[in-house]
Amino acid sequence: MTQLIFIESMKHIFITHILLLLFFPHVWKAQAQIKVVNANTSTPTNYKNGSILGTDSIFVIYSPDANGKEIEASMQVYYGPEGINNFTWYRFNATTDLFDSIFTETSVTISNFTTDKQGGYQVRVYNNELTVDTLFHAWLFIELFQIEGILITSSTCETMTLNADTNFNAVFTYYDLVDFTPLVFTNAVQFAWTLDPDYTTLTANAKPTFEAPVEPVSFTLTMSDVLKFQRKYLLNIDEETTNKFNDKLLIAVKADFKGQSANETEPADTTVHPEAPHGVVFFNETKNGDEFEWYFYNHPRWMADEGDTLLTTSSLFEPLDSIYYLHPARKEDIKIGYDVALYAWGPVYNEAEDRCLDTLRKTDFVVVDTTQFPNTYTSLPNVFTPGGDDFNKTFYYLEGSAEDNLPVKSIKYFSIKIYNRWGNKVYDYEDSDGSWTEDGVQGWDGRTRFGGMARPGVYYYVILAEGWDGRTFKVPGYVHVF
44 MTQLIFIESM KHIFITHILL LLFFPHVWKA QAQIKVVNAN TSTPTNYKNG SILGTDSIFV
104 IYSPDANGKE IEASMQVYYG PEGINNFTWY RFNATTDLFD SIFTETSVTI SNFTTDKQGG
164 YQVRVYNNEL TVDTLFHAWL FIELFQIEGI LITSSTCETM TLNADTNFNA VFTYYDLVDF
224 TPLVFTNAVQ FAWTLDPDYT TLTANAKPTF EAPVEPVSFT LTMSDVLKFQ RKYLLNIDEE
284 TTNKFNDKLL IAVKADFKGQ SANETEPADT TVHPEAPHGV VFFNETKNGD EFEWYFYNHP
344 RWMADEGDTL LTTSSLFEPL DSIYYLHPAR KEDIKIGYDV ALYAWGPVYN EAEDRCLDTL
404 RKTDFVVVDT TQFPNTYTSL PNVFTPGGDD FNKTFYYLEG SAEDNLPVKS IKYFSIKIYN
464 RWGNKVYDYE DSDGSWTEDG VQGWDGRTRF GGMARPGVYY YVILAEGWDG RTFKVPGYVH
524 VF
């Protein structure tokens, strides 16, 4: 083993080792290396003279930690195969291109060194007999990588703009150890925003603008670098959150509603199909609304000037007064209906008592079922047995999928008269609401207007009906009573 002669500086020692590398490669690199025990990550060097130098590690520590505490690097060298050795630590001086001695430990197997200074480090490992004498190198990058907070730079009724308040130094300079050419490692930073609940991920930049929230929301900012290290910051916004001017931030409002008619089992978001005359129940599903105005517009067929004609208004959260829709759509205009509009104001958010406003108008939201009436005798049974078993015990409309067996809808007047074969009227029923129900019984149960049961035989009937759209129907026919 060639003995090293210490000449005027460690730079000469380093150059001597370069020469030794050419003739005695085992002297330059052994199996031990400098480690940074608490490094968050590392990346290899890309030396200009990599064919001579090989690669060393750039250890990266992100400081401060999640609690804001500055972090020191815990560096370590272990040269196990050769037992007890001496360790001298050096830090690279970019002004002189020299490694300055900073610390020596003798007669140990592991050497530890703690520092808060980034840069290049060299460790000479040797014993007193100089049977061991080698150098190791590593670079330490203590990167400022911190999220100070999330600033809300703009909050309007339509949009909100955030600003990531961050600190980071993403550029680290190290040097080729042959000609000391400066080399740059750039650790680029990226941003990602996650919103909860029910929001999509925002544009990956530091100052995103998005639709103003209408309910409490949590923003999570994730800052990550090319080495995949991340920091996160959470900001919650609710009804009590304010800016530096004490203005509320959750100010936007989103108008929405549903409707349900008596003949429907679930509220509808698009179109409600009641029969005439029926009221429609409205469900206010507005988010972040405080004050409301409802506007109900007439069916266009009944507008004298073919423009918007207001039917009624309401300022309740959900209209409780009776709103009846009378006019069914014609078959050819089955999609023409009543419009419903909701104006919703959000909470007061500043000293001027300003509020955000959102409006929603649903066109043809209430489409009254067109008048339907089975206008042929085939829609009624031709045989029934009053007082018998449950089968055919009343005379009423047939149920089924046949075209003549359509359900009765939007009828405002109904009457039926039934005669025996001698022309005597035995049954008479009339209803101004269009129904055929008497004493809880649908249709004719065989009782005559004199109180007794109809005798077996053939009976003749005449049905008259009128729909809410003005159409009239006349249905004559006969039925056998057994």
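Numbering (our numbering), first residue to last: 44 to 525.
Even glycine gets a Cβ: it sits at the ideal position worked out from N, Cα and C.
It should be emphasised that the depicted structure is a prediction, and the values quoted were computed from it without experimental measurement.
Drop a sphere of 10 angstroms on the beta-carbon of residue i, count the other beta-carbons inside from all chains shown, and report buried for 16 or more, exposed for fewer.
i	result
Asp-159	exposed
Ile-450	The sequence shown places Pro at residue 450, rather than the Ile named in the question. Under this definition Pro-450 is an exposed residue.
Ile-127	exposed
Asp-407	buried
Arg-464	exposed
Pro-371	buried
Arg-134	buried
Val-484	exposed
Phe-49	With a pLDDT of 34 at Phe-49, under the threshold of 50, the modelled position of this residue cannot be trusted; read the value that follows with caution. Result: exposed.
Gly-163	buried
Glu-282	exposed
Gly-489	buried
Glu-201	exposed
Tyr-359	Position check: residue 359 holds Leu in this sequence, whereas Tyr was assumed. Burial call: exposed.
Ala-395	exposed
Got a sec? Which residues, its chain only, sit under 7 Å from residue i by beta carbon, not counting five neighbours each side?
i	result
Gly-513	none
Phe-223	Asp-140
Pro-22	Because the chain is modelled from 44 through 525, residue 22 falls outside the range shown and cannot be assessed.
Tyr-526	Outside the displayed span of the chain (44 to 525) sits residue 526, for which this structure offers no information.
Pro-499	Val-524, Phe-525
Asn-83	Val-103, Ile-104, Tyr-105, Phe-272
Tyr-472	Ser-458, Ile-459, Trp-479, Glu-481
Val-257	Ala-295, Val-296, Lys-297, Lys-330, Asn-331
Can you name the start and end residues of the alpha helix (DSSP H) that residue i belongs to?
i	result
Leu-96	93–96
What residues in its chain sit with their C-beta under 8 Å from that of residue i, if we drop five residues either side in the sequence?
i	result
Thr-23	Past the edges of the chain, shown from 44 to 525, lies residue 23, and the structure says nothing about it.
Asn-92	Asp-219, Leu-220, Val-221, Asp-222
Terminal residues of the continuous beta strand (DSSP E) containing residue i?
i	result
Ile-195	176–198
Thr-209	202–211
Arg-167	162–169
Thr-402	400–409
Glu-519	The residue asked about is misnamed: residue 519 is Pro in this sequence, not Glu. First-last of the beta strand (DSSP E) with Pro-519: 515–524.
Asp-268	260–268
Thr-147	141–151
Phe-102	100–106
Gln-273	273–280
Asn-435	Neither: Asn-435 is in no beta strand (DSSP E) and is coded neither H nor E.
Asn-136	128–136
Trp-236	232–239
Among the options, which residue has its Cα nearest to the Cα of residue i?
i	options	result
Tyr-90	Val-80, Asp-176, Ile-101, Thr-84	Ile-101
Lys-250	Cys-399, Gly-483, Phe-234, Ser-261	Phe-234
Tyr-105	Asn-286, Lys-297, Val-232, Thr-402	Val-232
Thr-263	Thr-314, Gly-192, Leu-385, Pro-225	Gly-192
Gly-494	Ser-357, Lys-455, Val-469	Val-469
Asn-331	Thr-265, Arg-404, Ala-255	Ala-255
Lys-405	Tyr-420, Val-411, Phe-416, Asp-382	Asp-382
Thr-131	Ala-137, Thr-138, Tyr-122	Tyr-122
Thr-419	Leu-441, Phe-142, Lys-436, Val-411	Leu-441
Phe-326	Pro-310, Tyr-340, Asn-341	Pro-310
Asn-81	Phe-184, Thr-480, Met-496, Asp-299	Phe-184
Thr-491	Val-323, Tyr-462, His-342	Tyr-462
Ser-145	Lys-275, Ala-384, Asn-136	Note that residue 145 is Ile in the sequence shown here, rather than Ser. For the residues Lys-275, Ala-384, Asn-136, the minimum Cα distance to Ile-145 belongs to Asn-136.
Glu-361	His-342, Val-323, Gly-380	Val-323
What residues in its chain sit with their C-beta under 6 Å from that of residue i, if we drop five residues either side in the sequence?
i	result
Ala-305	His-321
Ile-61	Confidence at Ile-61 is low in this model, with a pLDDT of 41, below 50, so its placement is unreliable and no value can be given for it.
Ser-267	Gln-233, Gln-273
Pro-390	Asp-333
Leu-507	Ser-458, Lys-517
Thr-196	Thr-204, Asn-206
Trp-182	Ile-101, Gly-163, Tyr-217
Leu-187	Asn-210, Phe-211, Asn-212
Thr-98	Pro-87, Thr-88
Would the beta-carbon of residue i fall within 7 Å of that of residue j?
i	j	result
Phe-525	Thr-413	no
Val-426	Tyr-368	no
Trp-487	Phe-434	no
Ala-387	Asp-401	yes
Phe-215	Ile-77	no
Ile-280	Cys-399	no
Asn-230	Ala-213	yes
Asp-312	Lys-297	no
Val-501	Tyr-521	yes
Leu-354	Phe-335	no
Glu-318	Lys-460	no
Lys-291	Tyr-392	yes
Phe-142	Gln-161	no
Tyr-169	Asn-110	no
Leu-526	Val-260	Limits of the chain in this structure are 44 at one end and 525 at the other, which puts residue 526 out of reach.
Residue i CB to nearest chain D CB: under 7 Å?
i	result
Tyr-164	Going by chain labels, chain D is absent from the structure shown, which holds only one protein chain.
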